[in-house]
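Numbering (the UniProt record's numbering), first residue to last: 1 to 183.
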(Lines of atoms letter the chains of each structure in order from A and count residues from 1; the text may use other names and numbers.)
(Lines give C-alpha, C1' and ligand atoms only; values in the text may rest on other atoms or scores of the structure.)
Protein backbone atom coordinates (compact mmCIF):
# COMPACT_ATOMS: atom_id res chain seq x y z
CA UNK A 1 0.00 0.00 0.00
CA UNK A 2 1.35 3.41 -0.89
CA UNK A 3 2.24 5.96 1.75
CA UNK A 4 -0.74 8.14 0.82
CA UNK A 5 -3.09 5.20 1.24
CA UNK A 6 -1.68 4.45 4.68
CA UNK A 7 -2.14 8.06 5.78
CA UNK A 8 -5.70 8.05 4.44
CA UNK A 9 -6.49 4.86 6.36
CA UNK A 10 -4.96 6.26 9.57
CA UNK A 11 -7.01 9.45 9.23
CA UNK A 12 -10.22 7.45 8.66
CA UNK A 13 -9.47 5.24 11.68
CA UNK A 14 -8.67 8.24 13.85
CA UNK A 15 -11.91 9.96 12.89
CA UNK A 16 -13.88 6.73 13.44
CA UNK A 17 -12.27 6.35 16.86
CA UNK A 18 -13.13 9.94 17.76
CA UNK A 19 -16.74 9.54 16.60
CA UNK A 20 -17.36 6.26 18.44
CA UNK A 21 -15.57 7.43 21.58
CA UNK A 22 -17.68 10.61 21.56
CA UNK A 23 -20.84 8.54 21.12
CA UNK A 24 -19.80 6.33 24.05
CA UNK A 25 -19.04 9.20 26.40
CA UNK A 26 -22.13 11.22 25.48
CA UNK A 27 -24.45 8.25 25.99
CA UNK A 28 -22.71 7.10 29.17
CA UNK A 29 -23.01 10.47 30.92
CA UNK A 30 -26.53 11.24 29.68
CA UNK A 31 -28.76 11.34 32.73
CA UNK A 32 -31.60 13.54 33.91
CA UNK A 33 -33.99 13.41 36.86
CA UNK A 34 -37.53 14.68 36.79
CA UNK A 35 -40.65 14.55 38.91
CA UNK A 36 -44.01 13.69 37.39
CA UNK A 37 -47.10 13.53 39.66
CA UNK A 38 -44.84 13.51 42.74
CA UNK A 39 -42.91 10.51 41.38
CA UNK A 40 -39.22 11.10 40.75
CA UNK A 41 -37.52 9.10 38.05
CA UNK A 42 -34.15 9.26 36.35
CA UNK A 43 -33.61 8.74 32.65
CA UNK A 44 -30.23 7.13 31.95
CA UNK A 45 -28.78 4.67 29.48
CA UNK A 46 -28.64 1.89 32.08
CA UNK A 47 -32.46 1.68 31.96
CA UNK A 48 -32.45 0.21 28.44
CA UNK A 49 -30.64 -2.90 27.15
CA UNK A 50 -30.56 -1.32 23.68
CA UNK A 51 -28.70 1.71 25.00
CA UNK A 52 -26.34 -0.59 26.93
CA UNK A 53 -25.63 -2.37 23.65
CA UNK A 54 -24.96 0.98 21.97
CA UNK A 55 -22.53 2.12 24.67
CA UNK A 56 -20.63 -1.17 24.75
CA UNK A 57 -20.49 -1.46 20.94
CA UNK A 58 -19.20 2.07 20.51
CA UNK A 59 -16.63 1.56 23.28
CA UNK A 60 -15.42 -1.72 21.74
CA UNK A 61 -15.11 -0.14 18.30
CA UNK A 62 -13.24 2.87 19.69
CA UNK A 63 -10.80 0.53 21.45
CA UNK A 64 -10.40 -1.60 18.34
CA UNK A 65 -9.80 1.53 16.23
CA UNK A 66 -7.07 2.61 18.63
CA UNK A 67 -5.35 -0.78 18.46
CA UNK A 68 -5.71 -1.04 14.68
CA UNK A 69 -3.90 2.29 14.29
CA UNK A 70 -0.68 0.54 15.31
CA UNK A 71 -0.92 -2.35 12.83
CA UNK A 72 1.00 -1.65 9.64
CA UNK A 73 -0.71 -2.52 6.36
CA UNK A 74 2.44 -4.47 5.43
CA UNK A 75 2.23 -6.56 8.61
CA UNK A 76 0.95 -10.13 8.51
CA UNK A 77 -1.57 -9.13 11.20
CA UNK A 78 -3.24 -6.74 8.77
CA UNK A 79 -5.01 -9.64 7.05
CA UNK A 80 -7.06 -10.00 10.26
CA UNK A 81 -7.82 -6.28 10.37
CA UNK A 82 -9.80 -6.27 7.12
CA UNK A 83 -12.50 -8.77 8.24
CA UNK A 84 -12.53 -7.27 11.74
CA UNK A 85 -13.28 -3.87 10.19
CA UNK A 86 -16.33 -5.38 8.50
CA UNK A 87 -17.44 -7.00 11.77
CA UNK A 88 -17.06 -3.71 13.65
CA UNK A 89 -19.04 -1.88 10.94
CA UNK A 90 -21.88 -4.41 11.31
CA UNK A 91 -21.73 -4.20 15.11
CA UNK A 92 -21.97 -0.41 14.97
CA UNK A 93 -24.87 -0.59 12.52
CA UNK A 94 -26.81 -2.85 14.89
CA UNK A 95 -26.04 -0.63 17.86
CA UNK A 96 -27.12 2.46 15.93
CA UNK A 97 -30.40 0.79 14.97
CA UNK A 98 -31.07 -0.24 18.57
CA UNK A 99 -30.30 3.21 19.98
CA UNK A 100 -32.32 4.87 17.22
CA UNK A 101 -35.39 2.80 18.00
CA UNK A 102 -35.22 3.64 21.71
CA UNK A 103 -34.66 7.29 20.86
CA UNK A 104 -37.75 7.24 18.65
CA UNK A 105 -39.81 5.65 21.43
CA UNK A 106 -38.57 8.30 23.85
CA UNK A 107 -39.53 11.08 21.49
CA UNK A 108 -42.82 9.79 20.05
CA UNK A 109 -43.87 6.97 22.38
CA UNK A 110 -46.09 4.16 21.14
CA UNK A 111 -49.80 4.80 21.64
CA UNK A 112 -50.71 1.23 20.61
CA UNK A 113 -48.88 -0.22 23.60
CA UNK A 114 -49.49 2.64 26.00
CA UNK A 115 -45.85 3.84 26.05
CA UNK A 116 -45.85 7.57 26.50
CA UNK A 117 -43.10 9.82 25.16
CA UNK A 118 -40.62 10.93 27.83
CA UNK A 119 -38.61 13.57 25.97
CA UNK A 120 -41.04 16.27 27.09
CA UNK A 121 -40.11 15.52 30.72
CA UNK A 122 -36.36 14.90 30.22
CA UNK A 123 -35.31 17.02 27.23
CA UNK A 124 -31.65 17.22 28.27
CA UNK A 125 -31.32 13.44 28.29
CA UNK A 126 -33.01 13.13 24.90
CA UNK A 127 -30.87 15.87 23.35
CA UNK A 128 -27.67 14.27 24.60
CA UNK A 129 -28.85 10.86 23.40
CA UNK A 130 -29.58 12.32 19.96
CA UNK A 131 -26.09 13.87 19.72
CA UNK A 132 -24.64 10.50 20.70
CA UNK A 133 -26.65 8.81 17.95
CA UNK A 134 -25.39 11.35 15.40
CA UNK A 135 -21.79 10.61 16.48
CA UNK A 136 -22.48 6.88 16.18
CA UNK A 137 -23.93 7.43 12.69
CA UNK A 138 -20.76 9.26 11.67
CA UNK A 139 -18.78 6.32 13.06
CA UNK A 140 -20.83 3.90 10.94
CA UNK A 141 -20.21 5.99 7.82
CA UNK A 142 -16.48 6.14 8.53
CA UNK A 143 -16.26 2.41 9.15
CA UNK A 144 -18.16 1.77 5.92
CA UNK A 145 -15.58 3.92 4.12
CA UNK A 146 -12.77 1.96 5.81
CA UNK A 147 -14.29 -1.36 4.71
CA UNK A 148 -14.80 -0.15 1.13
CA UNK A 149 -11.23 1.19 1.00
CA UNK A 150 -9.82 -2.09 2.35
CA UNK A 151 -11.83 -4.12 -0.15
CA UNK A 152 -10.70 -1.93 -3.05
CA UNK A 153 -7.04 -2.30 -1.98
CA UNK A 154 -7.45 -6.07 -1.65
CA UNK A 155 -9.14 -6.34 -5.05
CA UNK A 156 -6.50 -4.18 -6.74
CA UNK A 157 -3.69 -6.32 -5.35
CA UNK A 158 -5.55 -9.48 -6.35
CA UNK A 159 -6.18 -8.26 -9.88
CA UNK A 160 -2.59 -7.05 -10.32
CA UNK A 161 -1.27 -10.49 -9.29
CA UNK A 162 -2.92 -12.22 -12.28
CA UNK A 163 -0.48 -13.15 -15.04
CA UNK A 164 -0.64 -10.94 -18.07
CA UNK A 165 -2.17 -12.72 -21.02
CA UNK A 166 -1.15 -11.84 -24.56
CA UNK A 167 -3.72 -9.75 -26.32
CA UNK A 168 -4.74 -10.99 -29.74
CA UNK A 169 -7.16 -9.51 -32.20
CA UNK A 170 -10.00 -11.92 -32.97
CA UNK A 171 -10.17 -13.05 -36.59
CA UNK A 172 -13.46 -13.12 -38.45
CA UNK A 173 -15.19 -16.47 -38.61
CA UNK A 174 -15.05 -18.36 -41.91
CA UNK A 175 -18.33 -20.06 -42.50
CA UNK A 176 -17.77 -21.47 -45.99
CA UNK A 177 -20.13 -19.17 -47.78
CA UNK A 178 -19.89 -15.54 -48.64
CA UNK A 179 -22.44 -12.84 -49.01
CA UNK A 180 -22.01 -10.19 -51.58
CA UNK A 181 -23.81 -6.93 -51.29
CA UNK A 182 -24.48 -5.15 -54.54
CA UNK A 183 -26.22 -1.96 -55.15
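Think of the CB as a built atom: it goes at the ideal place given N, C-alpha and C, for glycine as much as any other residue.
Counted within 10 angstroms of its Cβ, other Cβ atoms place residue 104 as buried (16 or more) or exposed: exposed
For residue 43, the three-state DSSP class (helix, strand or coil): strand
Local conformation of residue 108 per DSSP, three classes: helix
Alpha carbon of residue 61 to alpha carbon of residue 107, nearest angstrom: 27 Å
Residue 74 (DSSP reduced to helix, strand or coil): coil
Classification of residue 79 by the beta-carbon crowding that lies within 10 angstroms, buried from 16 upward: exposed
Residues near residue 100 in its chain [Cβ-Cβ closer than 7 Å; skip 5 each side]: 133
As assigned by DSSP and simplified to three states, the class of residue 122: coil
The region 34 to 48 contacting the region 64 to 83, beta-carbon criterion three pairs below 8 Å: no
Proximity of residue 54 and residue 19 at Cβ, strictly below 8 Å: no
Contact under 8 Å by Cβ, residue 145 with residue 12: yes
Coarse secondary structure for residue 168, derived from DSSP in three states: coil
Nearest neighbour of residue 15, chosen from 154, 141, 157 and 160 [CA to CA]: 141
Terminal residues of the alpha helix (DSSP H) in which residue 48 lies: First-last for residue 48: undefined, no H or E at that position.
Residue 151 versus residue 85: straight-line alpha-carbon distance, rounded: 10 Å
Endpoints, beta strand (DSSP E) assigned at residue 34: 31 to 36
Test item: CB-CB of residue 143 and residue 77 under 8 Å: no
Closest by C-alpha distance to residue 41, when choosing among 119, 139, 163 and 130: 119
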